[in-house]
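Visitor: The structure's right below; bear with me while I get my questions together.
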Amino acid sequence: MWAQEKYQGDIAGKAAVRRRLKVRGVARNGVRMTKDKWPNNEIPYVLGEFYSSKERAVIARSMQAYHDRTCVRFVPRTYQSDYLYIGRIDGCFSDVGRGGGRQDLSLDYGCLDYDTIIHELMHAVGFWHEHERWDRDEYINILWENIAKDAYDQFGKANLLESDFYGERYDYFSIMHYDSKAFTRNGRRTIEAVQPGMTDIIGQMKDFSAVDLRKINKMYNCPPYYQYMIGNTGGGWLNRLPTVTGEPTVSTLRSGPNILPSAPLFPPRGNDLHAVSICEDKATQCWLIINRCRSLFYEFLMRYLCPKSCGFCS
Numbered sequence: 018m019w020a021q022e023k024y025q026g027d028i029a030g031k032a033a034v035r036r037r038l039k040v041r042g043v044a045r046n047g048v049r050m051t052k053d054k055w056p057n058n059e060i061p062y063v064l065g066e067f068y069s070s071k072e073r074a075v076i077a078r079s080m081q082a083y084h085d086r087t088c089v090r091f092v093p094r095t096y097q098s099d100y101l102y103i104g105r106i107d108g109c110f111s112d113v114g115r116g117g118g119r120q121d122l123s124l125d126y127g128c129l130d131y132d133t134i135i136h137e138l139m140h141a142v143g144f145w146h147e148h149e150r151w152d153r154d155e156y157i158n159i160l161w162e163n164i165a166k167d168a169y170d171q172f173g174k175a176n177l178l179e180s181d182f183y184g185e186r187y188d189y190f191s192i193m194h195y196d197s198k199a200f201t202r203n204g205r206r207t208i209e210a211v212q213p214g215m216t217d218i219i220g221q222m223k224d225f226s227a228v229d230l231r232k233i234n235k236m237y238n239c240p241p242y243y244q245y246m247i248g249n250t251g252g253g254w255l256n257r258l259p260t261v262t263g264e265p266t267v268s269t270l271r272s273g274p275n276i277l278p279s280a281p282l283f284p285p286r287g288n289d290l291h292a293v294s295i296c297e298d299k300a301t302q303c304w305l306i307i308n309r310c311r312s313l314f315y316e317f318l319m320r321y322l323c324p325k326s327c328g329f330c331s
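Quick note: the numbering used here has the sequence shown finishing at residue 331, numbered continuously throughout.
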């Protein structure tokens, strides 16, 4: 999922400042404080106007994946003072959790695929990267000698006292995991998995893992119903596309709750909006590990990760 050229550091806003200053809120797996979560499980958003119909459809599909599998809802902003502004800003990045006021979530060129969008939205929901867990040394090795020096802060560990993993173990399959060459300075690995075979797996997911979904549902106290939805992690389509508004002006931001965004614009559905095949690869680089399809040790894993590439689809 995370191609090397995307690695400019995708944590932004107040979360990035907290990480640099090492104060309360330093890197953790999921926010614990109520003030960092979105009230009523609703995340208001304003969508920039410079997206095509196809791009908006992918954003819509990504939001709907949360609606289908969790009780978190992305809702068009009306009067809310805390909200996401989703636009072409600079690469792929998001703040973590609710930062207060307008907070930017950038989906620029190269960021508009489903797996990248749900990753950035999961930051906004309230989650840091999986490799930042305080217990990560039991599951991965960080190869500092291969990391670009200006990227050391991307490999910090969580504050044990302020971390909350919501009762879940380390997840190699998380959509929030970096790949094995993240921020490499020399083309060599920067992360190696302790468990054999997992180094080539981390960072290659194209959808939520079951653990990702359980953590979101636990964070937001979702009804038990959503736990039954976790087995099906494919994304659906929204009944209509996200609201498109222009970027809020200074006067709009300061004029109070009676000022509403511009009227919604919904492009027609095109032929590119189609249902997702039931049998699809969940990893992005199955061709690299295709020789493991019939391996006695790895076949069970390959049936899950690469069923299409391995020819397991009926």
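Even glycine gets a Cβ: it sits at the ideal position worked out from N, Cα and C.
Just so we're clear, the structure is a prediction, and the values are computed from it rather than from any experiment.
Comparing alpha-carbon positions, which option in 329, 231, 322 and 303 lies nearest residue 89?
Guide: Minimum Cα distance to residue 89 is reached at 231.
Visitor: Assuming contact is defined by CB atoms lying nearer than 7 Å, are residue 184 and residue 54 in contact in what I supplied?
Guide: Not in contact: residue 184 and residue 54 (Cβ atoms no closer than 7 Å).
Visitor: Can the beta-carbon of residue 223 be found closer than 7 Å to that of residue 299?
Guide: The answer is yes: Cβ separation under 7 Å.
Visitor: Helix, strand or coil for residue 205 per DSSP?
Guide: If DSSP states are grouped into helix, strand and coil, residue 205 belongs with coil.
Visitor: For residue 309, which residues of its own chain have a beta-carbon under 7 Å away from its beta-carbon, when the five flanking residues on both sides are left out?
Guide: Hits under 7 Å: 315 and 319.
Visitor: Where does residue 302 fall in DSSP's three states?
Guide: Three-state result, residue 302: coil.
Visitor: Measuring CA to CA, which of 129, 133 and 105 is closest to residue 121?
Guide: Nearest of 129, 133 and 105 to residue 121, Cα basis: 105.
Visitor: Can you find at least 3 beta carbon pairs, one from the segment 95 to 113 and one from the segment 153 to 169, that sit closer than 8 Å?
Guide: Flag = no, the segment 95 to 113 and the segment 153 to 169 do not touch.
Visitor: Keeping to the same chain, check which residues put their C-beta closer than 6 Å to that of residue 324; ignore five residues upstream and five downstream.
Guide: Hits under 6 Å: 296 and 330.
Visitor: Can you give me the start and stop residues for the beta strand (DSSP E) that residue 14 sits inside?
Guide: Since the first residue of the chain shown is 18 and the last is 331, residue 14 is not available in this structure.
Visitor: CB residue 135 to CB residue 69, shorter than 7 Å?
Guide: No, the Cβ-Cβ distance between residue 135 and residue 69 is not below 7 Å.
Visitor: Less than 8 Å between the CB atoms is what I'm expecting for residue 77 and residue 156, so what's the real figure, rounded?
Guide: Residue 77 to residue 156, Cβ: 34 Å. No contact.
Visitor: If I follow the unbroken beta strand (DSSP E) through residue 120, where does it start and stop?
Guide: It spans 119 to 124 - the beta strand (DSSP E) in which residue 120 sits, taken as one unbroken run.
Visitor: Please confirm whether residue 137 and residue 109 have their CB atoms less than 7 Å apart.
Guide: Taking 7 Å as the Cβ cut-off, residue 137 and residue 109 qualify as a contacting pair.
Visitor: Report the residue from 170, 328 and 186 whose alpha carbon sits nearest the alpha carbon of residue 226.
Guide: Nearest option by C-alpha distance: 186.
Visitor: Following the continuous beta strand (DSSP E) through residue 115, name the residue where it begins and the one where it ends.
Guide: Taken as a continuous stretch (DSSP letters only), residue 115 belongs to no beta strand (DSSP E), as it is neither H nor E.
Visitor: Please check the pair residue 141 and residue 60, which I expect to be a contact at CB under 8 Å, by giving their CB distance rounded to whole angstroms.
Guide: Residue 141 to residue 60, Cβ: 6 Å. Contact.
Visitor: Spell out the partners DSSP gives residue 104 in its beta bridges.
Guide: In DSSP, residue 104 forms a bridge with 123.
Visitor: For the beta strand (DSSP E) that contains residue 59, what are its first and last residues?
Guide: Per DSSP, residue 59 belongs to the beta strand (DSSP E) from 59 to 64.
Visitor: Taking residue 221 as the reference, which of 151, 154, 240 and 132 has the closest Cα?
Guide: Of the listed residues, the one whose Cα sits closest to residue 221 is 132.
Visitor: Which of the three DSSP states is assigned to residue 213 in this structure?
Guide: In the structure shown, residue 213 sits in coil (DSSP, three-state: anything other than H, G, I, E or B).
Visitor: Only counting the same chain, and skipping five residues up and downstream in sequence, which positions put a Cβ closer than 8 Å to that of residue 130?
Guide: The answer, listed in chain order, is 75.
Visitor: Considering Cα atoms alone, identify which of 93, 238 and 229 is closest to residue 261.
Guide: It is 93.
Visitor: With a threshold of 6 Å on Cβ separation, who are the neighbours of residue 327 within its own chain once the five nearest residues in sequence on each side are excluded?
Guide: Once the five neighbours on either side are set aside, the close Cβ partners of residue 327 are 310 and 319.
Visitor: Looking only at its own chain, which residues have a Cβ that is under 7 Å from the Cβ of residue 97, when we skip the five neighbours before and after it?
Guide: Excluding residues within five positions, the ones whose Cβ falls inside 7 Å are 61.
Visitor: Among the residues of its own chain, which have a CB less than 6 Å from the CB of residue 306, if the five just before and after it don't count?
Guide: Answer for residue 306: 217, listed in chain order.
Visitor: Along the chain, where does the beta strand (DSSP E) that runs through residue 92 open and close?
Guide: Here the beta strand (DSSP E) through residue 92 covers 90 to 93.
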